[in-house]
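Have a look at the structure below, then the notes.
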Amino acid sequence: MTTISSSRPPIIKQADDVKRKKVIICGGGLAGLSAAKMLLDSGFEVELLEGRAILGGKASSWRDSDGDWIESGLHVFFGAYEEIFKLMREVGIYENILWKEHALTYTLDKGERFAFRTASLPSPFHLLPAVFGQKYFTLPQTLTLARAMPSIVFGSERYYKEQDKITYEEWHLQHGISHKMLKKMFLPMALALKFLPPEELSAKVVLDVSGIFLREDAASRMGFLNGSPQEKLIGPLAQAITSAGGTIRTDAKVRALLPKANAPTRELDGVRLENGEVIRGDYYLLALPVHKLNRLIPQDWYATYQYFQRLSQFEGVPVMTVQLWLDRQVTGIDNILFCPDGLIPVYADLGNTTPDYSYGGRSRMEFVVAPARGIFDWDDQAIIDRVWSDMKRVFPQTTAGATIVKSSLVRIPQSVYWPKPGLDILRPTQQSPINNLFLAGGYTQQKFYDSMEGAVSSGRLAARALVNTVRESSYS
Ligand SMILES: Cc1cc2nc3c(=O)[nH]c(=O)nc-3n(C[C@H](O)[C@H](O)[C@H](O)COP(=O)(O)OP(=O)(O)OC[C@H]3O[C@@H](n4cnc5c(N)ncnc54)[C@H](O)[C@@H]3O)c2cc1C
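Quick note on the numbering used here: the sequence shown kicks off at 1 and runs consecutively.
Set out below in structure tokens:
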């Protein structure tokens with residue numbers, strides 16, 4: 001087992017009621033790390049247990065035997081994010097984000113393109129030049145979208161919630177928006193957001209995201225880290241945690257939750273690791289993927305609480321990430337790219353977007369491969385061949401004669417949770433019915449779903465709920 005710790009004492013910034021209270025955090029993704037940072041800043045003692053040898057979860061990255069970084073997935077930041085930016089500023093790493101031109105470029109067969117470029121106008125007018133300035137959709141097609149926009153921009157909270165009953169495809173067609181826009185514009189957007197097509201996603205997800213993009217002028221602008229997530233985000237966060245006196249243990253997989261026997265109220269007494277070791281604290285914060293959490297919930301809790309029963313309806317979406325190192329520059333583009341056809345809905349040339357990944361002026365591509373369900377069992381070479389043939393369709397001229405120098409493939413059988421219709425109301429609060437137990441992760445309630453922002457928001461909400469519980473119990 002690897003232990004990373006520092007001998008420095010925790011920073012006690014707040015009241016004595018949290019002093020010497022120990023919190024065990026399970027899961028070293030962005031949710032767990034952000035909760036750990038906030039709890040340390042609030043004066044708690046923190047021990048974080050991560051099952052894998054590396055931190056970062058779905059945002060993790062590692063070096064291969066050549067020393068090249070392999071990423072779990074292509075990660076971009078949206079201008080709309082808030083909590084993750086606060087956290088990055090606290091740690092002094094916000095400057096690691098490189099903001100790109102505010103444009104969404106769609107790449108099509110035979111090298112055809114269309115792009116949405118926003119203008120410096122107050123929202124929602126900033127998107128009008130983007131919508132009407134492109135030439136790919138006809139004016140009548142564009143007007144079908146323009147007519148539906150007020151429902152998105154001015155919809156009440158209740159209206160958005162009600163749209164969780166149907167899929168995005170149903171919502172789109174009910175509003176008479178052009179079929180071509182569904183297939184060419186919203187399909188890659190849905191696949192980029194949740195790795196699923198519009199007919200499998202709650203309408204609420206797409207409307208929530210579109211609403212934010214329409215209401216806030218810089219919300220849809222995207223940024224990339226200037227290097228690997230490990231060096232530019234996860235590592236510095238872990239460093240901040242250990243510098244504040246927290247302990248991080250990797251290769252520390254939690255195998256069982258141990259409820260307190262004969263307690264007047266239900267409480268957790270400890271967690272058992274794979275090696276049999278039992279770790280105890282005063283409070284517990286589980287920042288695990290929901291499908292992993294489901295395997296750990298004690299039977300008695302399932303039987304007693306709807307809160308836990310509901311979690312059994314959550315599952316993760318399969319996705320794959322392919323990286324290709326090419327022998328030449330083929331895109332010349334320093335931004336995110338979308339593709340509505342084939343299996344590469346969203347991708348980027350990291351050789352251009354990410355200075356630490358520059359590859360001698362040559363292209364270093366990273367693709368989200370989705371929908372992945374039907375091809376998950378294909379062998380690696382078949383998937384890489386398929387990605388390369390998609391790439392050749394969208395960049396036919398520059399890829400002619402180009403060769404792949406090296407490739408990598410990462411498979412994630414259950415990645416972000418699947419926001420299917422009807423599920424939103426079942427998302428749990430961070431405060432659980434167990435007195436000393438809190439949950440964090442993209443599937444818990446917050447408005448950014450399963451994203452880096454959603455994970456960080458959930459971690460910070462869980463930490464706040466924990467602090468409030470301790471305060472309330474010390475005043476009562
Ligand atoms: C391919 C891909 C692309 C993405 N692109 C973007 C993007 O562009 N922008 C964006 O904002 N978001 C993106 N996301 C989503 C983002 O990565 C996640 O929402 C976020 O990282 C989730 O963080 P988390 O802490 O909630 O969960 P996780 O990252 O899953 O962390 C959970 C941690 O718990 C650990 N764990 C599991 N079981 C145990 C156990 N029994 N004991 C101890 N530890 C355990 C895991 O190893 C993991 O480290 C992407 C995700 C993927 C997969």
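Virtual Cβ for every residue (Gly too), placed ideally from N, Cα, C. Computed from a prediction, not measured in an experiment: that's the story for all the values here.
Report the residue from the options whose alpha carbon sits nearest the alpha carbon of residue i.
| i | options | result |
| --- | --- | --- |
| Glu82 | Met452, Ala463, Ala462, Leu466 | Met452 |
| Met365 | Gly111, Glu50, Thr354 | Thr354 |
| Asp424 | Tyr449, Pro413, Ser408, Ile383 | Tyr449 |
| Leu182 | Val206, Glu162, Ser61, His291 | Val206 |
| Gln445 | Ser220, Lys37, Tyr307 | Tyr307 |
| Arg464 | Leu285, Leu196, Tyr305 | Leu285 |
| Pro421 | Thr167, Asn226, Leu98 | Thr167 |
| Ala252 | Glu47, Gly51, Lys184 | Gly51 |
| Val369 | Arg113, Asn335, Leu193 | Leu193 |
| Val467 | Gln430, Ser389, Ile333, Ala455 | Gln430 |
| Glu472 | Gly332, Ala440, Ser457, Asn435 | Asn435 |
| Gly332 | Met189, Leu350, Leu324 | Leu350 |
| Phe376 | His172, Arg411, Met222, Asp385 | Arg411 |
| Lys165 | Pro419, Ile336, Glu216 | Pro419 |
For residue i, name the three-state secondary structure that DSSP assigns.
| i | result |
| --- | --- |
| Leu343 | coil |
| Trp378 | coil |
| Gln299 | helix |
| Leu173 | helix |
| Phe77 | strand |
| Lys406 | strand |
| Lys260 | coil |
| Leu285 | strand |
| Val330 | coil |
| Trp388 | helix |
| Lys478 | Look at the range of the chain in this structure, 1 to 476, and you will see that residue 478 is not part of it. |
| Val369 | strand |
| Ile434 | coil |
| Thr247 | strand |
| Leu33 | helix |
| Gln446 | coil |
| Phe338 | strand |
| Ile93 | coil |
| Asp269 | strand |
Can you round the beta-carbon distance between residue i and residue j to whole angstroms, since I take them to be within the 8 angstroms contact cut?
| i | j | result |
| --- | --- | --- |
| Pro229 | Glu71 | 6 angstroms |
| Arg393 | Gly442 | Not a contact, Cβ separation roughly 33 angstroms. |
| Val271 | Val254 | 5 angstroms |
| Arg362 | Leu409 | Rounded, the Cβ-Cβ distance is 20 angstroms, inconsistent with contact. |
| Gly73 | Lys58 | 6 angstroms |
| Pro188 | Phe338 | 4 angstroms |
| Leu324 | Ser407 | 5 angstroms |
| Lys22 | Gly281 | 4 angstroms |
For residue i and residue j, what's the separation of their Cα atoms in angstroms?
| i | j | result |
| --- | --- | --- |
| Phe224 | Gly459 | 22 angstroms |
| Gly29 | Ala287 | 7 angstroms |
| Glu95 | Ala36 | 22 angstroms |
| Gly397 | Leu40 | The sequence given here places Gln at residue 397; Gly does not occur at that position. Spanning the two alpha carbons is a distance of roughly 54 angstroms. |
| Ile248 | Lys86 | 22 angstroms |
| Leu426 | Trp301 | 16 angstroms |
| Pro198 | Ser178 | 14 angstroms |
| Leu98 | Asn352 | 12 angstroms |
| Thr3 | Cys26 | Confidence in Thr3 is poor, its pLDDT being 45 and thus under 50, which makes the residue's placement too unreliable to answer from. |
| Ser5 | Glu45 | Only weak support exists for where Ser5 lies, its pLDDT of 43 falling under 50; the coordinates are left without a value. |
| Gly235 | Leu173 | 45 angstroms |
| Ser60 | Leu104 | 26 angstroms |
| Tyr160 | Trp171 | 11 angstroms |
| Phe186 | Pro340 | 8 angstroms |
| Asp390 | Ile344 | 7 angstroms |
| Val330 | His126 | 31 angstroms |
| Arg20 | Ala256 | 25 angstroms |
| Ser42 | Gly111 | 54 angstroms |
| Pro371 | Asp208 | 21 angstroms |
| Gly32 | Ala462 | 10 angstroms |
| Phe303 | Ser312 | Here residue 303 is Ala; the residue named in the question, Phe, does not match the sequence. Approximately 12 angstroms between the Cα atoms of the pair. |
State yes or no: is the C-beta of residue i nearer than 7 angstroms to some heavy atom of ligand 3?
| i | result |
| --- | --- |
| Val319 | This structure lacks ligand 3; its bound ligands are ligand 1. |
Is there at least one Cβ from chain E nearer than 8 angstroms to residue i's Cβ?
| i | result |
| --- | --- |
| Asp424 | Absent from the structure: chain E. Only one protein chain is present. |
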